[in-house]
Amino acid sequence: MPVPVPRQRAIPAVECGQAPAASPDSGPSKEQAPPGTQPAEHPTNRRENPTEKREKPTDTSPDTSTGTDSRTGTDTGAGRTHTDRTTQSAAPTNLTVLLIEDDPAGSPIVPDLLDQAGKPIRVRTARNLTEAGRLLTDDVHCILLDLALSAPAPARTSADGGGNGNGGGDAEDHDELAVLRHVLELAPRHAVLALTSSSDAERGAEAVAVGAQDYLFRDELDGRLLSRAIRYAVERKRSDSAERRLAEGRLRAQENRRLERGLLPTPLLAGSPLRFAARYRPGRSRALLGGDFYDVVRTPDGTVHAMIGDVCGHGPDEAALGVELRIAWRALTLAGLCGDELLGTLQQVLEHERSDDEIFATLCAVDISPDGRRAGLCLAGHPSPLLSRPGEPARLLPYDNNGPALGLLPGARWPRMQVELGAEWSLMLYTDGLIEGHVGEGRERLGQDGMVEMVRRQLAEGLAGEELLRATVNEVRELNGGELADDVAVVLLDRTA
Numbered sequence: 003m004p005v006p007v008p009r010q011r012a013i014p015a016v017e018c019g020q021a022p023a024a025s026p027d028s029g030p031s032k033e034q035a036p037p038g039t040q041p042a043e044h045p046t047n048r049r050e051n052p053t054e055k056r057e058k059p060t061d062t063s064p065d066t067s068t069g070t071d072s073r074t075g076t077d078t079g080a081g082r083t084h085t086d087r088t089t090q091s092a093a094p095t096n097l098t099v100l101l102i103e104d105d106p107a108g109s110p111i112v113p114d115l116l117d118q119a120g121k122p123i124r125v126r127t128a129r130n131l132t133e134a135g136r137l138l139t140d141d142v143h144c145i146l147l148d149l150a151l152s153a154p155a156p157a158r159t160s161a162d163g164g165g166n167g168n169g170g171g172d173a174e175d176h177d178e179l180a181v182l183r184h185v186l187e188l189a190p191r192h193a194v195l196a197l198t199s200s201s202d203a204e205r206g207a208e209a210v211a212v213g214a215q216d217y218l219f220r221d222e223l224d225g226r227l228l229s230r231a232i233r234y235a236v237e238r239k240r241s242d243s244a245e246r247r248l249a250e251g252r253l254r255a256q257e258n259r260r261l262e263r264g265l266l267p268t269p270l271l272a273g274s275p276l277r278f279a280a281r282y283r284p285g286r287s288r289a290l291l292g293g294d295f296y297d298v299v300r301t302p303d304g305t306v307h308a309m310i311g312d313v314c315g316h317g318p319d320e321a322a323l324g325v326e327l328r329i330a331w332r333a334l335t336l337a338g339l340c341g342d343e344l345l346g347t348l349q350q351v352l353e354h355e356r357s358d359d360e361i362f363a364t365l366c367a368v369d370i371s372p373d374g375r376r377a378g379l380c381l382a383g384h385p386s387p388l389l390s391r392p393g394e395p396a397r398l399l400p401y402d403n404n405g406p407a408l409g410l411l412p413g414a415r416w417p418r419m420q421v422e423l424g425a426e427w428s429l430m431l432y433t434d435g436l437i438e439g440h441v442g443e444g445r446e447r448l449g450q451d452g453m454v455e456m457v458r459r460q461l462a463e464g465l466a467g468e469e470l471l472r473a474t475v476n477e478v479r480e481l482n483g484g485e486l487a488d489d490v491a492v493v494l495l496d497r498t499a
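Take the numbering used here: the last position of the sequence shown gets the number 499, and nothing is skipped along the way.
Here is the structure:
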């Protein structure tokens, strides 16, 4: 059986048990042998460990510094024997630590470490930042940084240029903090513990201010203290990361709310005697915008155009498509299109913007004459509006000439019906979310008939405008036993004599 060769080391992936042993070019691994031979080789490795340690002090050349101090199975300190560390390296570990120190003499500053469960904490050692970047794999939980480490070349050159006379001490401080900043930039998701001398506590405090989780005195380390500090640093880093992600999530949510509020329409009714009210409730949890959309504009000739629509589905893609259709409708209406011509062009927009050929949208469009007594009605697979007038029960407008939903039939037509409104009236446009809620615990739904009876009763109680819409939506929710699954949009236009 071969004796372990000095100066050998395992690559980081092998150290964490996530990859096969290193190739012959990089030397055999002492931590992970072939699966078929590992049980038999383990005792031999333990017996040969003192021999290996006696040969370690000779490995002080630059080309061996990357492997001799990895601390994954041996300790490179001259005159120190840690036979347990090689034995423990074969056991599974919970924590992996990367030690970054510049120690040409090979004297270790980190004692044997155990985690809270009594398992060994794996320690890797890097002599410089380049080597640290190579050893910093995803399984590393914490970094121990010796602040006495030499600074990177650019920072050292800059400090030397301004470090003459009394400025030499400031340049040294700058160099050491620059090393810490470089490590924090190299490993933003890892906990960092700064190691300094007991006579330089101020530098340790500065390291914490820069971004380290804590600092320890290099000359007062013991296994129990360091193990506890590592665990606490890892937990603090996790807590800080979670808090930062939560804050970022809140900011994104606020930005989304502002964006969604900005996408809701602002009616253009300047100069019109009609009164406008609307209620909107998206079916998505914690959303402000759903697949339902509406808009009201007044064109220069005095005609008031109102529209309400519903994109099939409830996700953010459907909400975005509804916004696109609403904006397109407003632009086409202000451009002078109306009725069948407008809906045909709107269907082309839908066909080009939808993500799937099966997506469609229903729509109800009304254009009210300048005198407010007549209206043209176009329905594209959408429920008919509800008209109420003084002295008459509320009723649904005719549904006979209803056309297909937008996006279903290429070349479809949508007839425009003429409706007499009268001198005083109230017209309510709504989406199917208002009528598809359940009534009680059964499978029965409210339906258009149930909605008509509900609105008639509320009108008899003297409700109008915003109060009427609020009462209607709240009662529909109560009958459903909670929040409605579908988006709900309701628009109310009133004219008084």
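For glycine and all other residues, C-beta sits at the position ideal for the given N, C-alpha and C. Computed from a prediction, not measured in an experiment: that's the story for all the values here.
Going by alpha carbons, who is nearest to residue i out of the options?
| i | options | result |
| --- | --- | --- |
| L327 | A367, A231, T305 and G206 | A367 |
| E187 | R205, G439 and I145 | I145 |
| L465 | P392, N404 and I310 | P392 |
| L131 | I102, G206, G120 and I123 | I102 |
| A247 | S201, T198, P372 and R191 | The sequence given here has Arg at residue 247, not Ala. Cα-wise, what sits closest to R247 is R191. |
| P302 | R356, G311, S371 and T364 | S371 |
| Y432 | I310, V181 and V125 | I310 |
| H307 | L97, L291, L429 and R205 | L429 |
| A503 | H384, H354 and S357 | Any property of residue 503 remains undetermined from this structure, which presents the chain solely from 3 to 499. |
| V490 | A180, L389, G292 and R332 | G292 |
| D402 | R415, L381 and G413 | L381 |
| L339 | E355, V457, D369 and E353 | D369 |
| L399 | Q450, E443 and R445 | Q450 |
| L151 | H184, S229, P387 and T498 | H184 |
| A207 | L149, E438 and T98 | L149 |
Let me know the secondary structure DSSP gives residue i once reduced to three states.
| i | result |
| --- | --- |
| H440 | strand |
| Y401 | coil |
| A235 | helix |
| L138 | coil |
| W416 | coil |
| G467 | helix |
| E446 | coil |
| A330 | helix |
| E485 | coil |
| A207 | helix |
| L423 | coil |
| E480 | helix |
| L116 | strand |
| R11 | Note that R11 has pLDDT 39, beneath the 50 cutoff, so the model's placement of it is unreliable and no number is given. |
| A255 | helix |
| S241 | helix |
| P190 | coil |
| V338 | According to the sequence shown, residue 338 is Gly rather than Val. If DSSP states are grouped into helix, strand and coil, G338 belongs with coil. |
| D319 | helix |
To the nearest whole angstrom, what separates the beta carbons of residue i and residue j, a pair I think is in contact under 8 Å?
| i | j | result |
| --- | --- | --- |
| A128 | L137 | 5 Å |
| G374 | Q420 | Not quite, the Cβ-Cβ distance comes to about 14 Å (not below 8 Å), so this is no contact. |
| D488 | G285 | 5 Å |
| A193 | R238 | 7 Å |
| W427 | L389 | 6 Å |
| L1 | L195 | Summary: the structure shown does not reach residue 1, with the chain confined to residues 3 through 499, and so no result is reported for it. |
| R459 | G341 | Rounded, the Cβ-Cβ distance is 34 Å, inconsistent with contact. |
| L100 | A134 | 6 Å |
Based on the DSSP output, what are the partners of residue i in its beta bridges?
| i | result |
| --- | --- |
| A396 | The partner list for A396 (beta bridge, DSSP) is empty, contrary to what the question assumes. |
| T364 | D312 |
| V99 | V125 and C144 |
| S390 | S428 |
| I370 | V306 and A377 |
| L195 | L146 and D216 |
| L411 | Beta-bridge pairing links L411 to no other residue. |
| D104 | None, per the DSSP bridge assignment. |
| D294 | D312 |
| L495 | F278 and L429 |
| V299 | L270 and H307 |
| V351 | According to DSSP, which records beta bridges pairwise, V351 is partnered with nothing at all. |
| L179 | Bridge partners of L179: none, in fact. |
| R283 | V490 |
| A1 | Any question about residue 1 goes unanswered here, given that the chain covers just 3 to 499. |
Requested in this report: May I ask you to verify whether the stretch 263-274 touches the stretch 288-307, counting CB pairs closer than 8 Å and requiring at least 3?
Outcome: yes
Query raised in the report: For the stretch 400-418 against the stretch 337-352, are there 3 or more C-beta pairs whose distance is under 8 Å?
Result: Touching, yes.
Query raised in the report: Is the number of C-beta pairs between the stretch 315-332 and the stretch 393-404 that are closer than 8 Å three or more?
Result: no
Query raised in the report: Is the stretch 488-498 close to the stretch 458-476, with three or more CB pairs under 8 Å?
Result: yes
**Report entry** Segment contact, 8 Å Cβ cut-off, at least three pairs: the stretch 472-480 with the stretch 239-257
**Finding:** no
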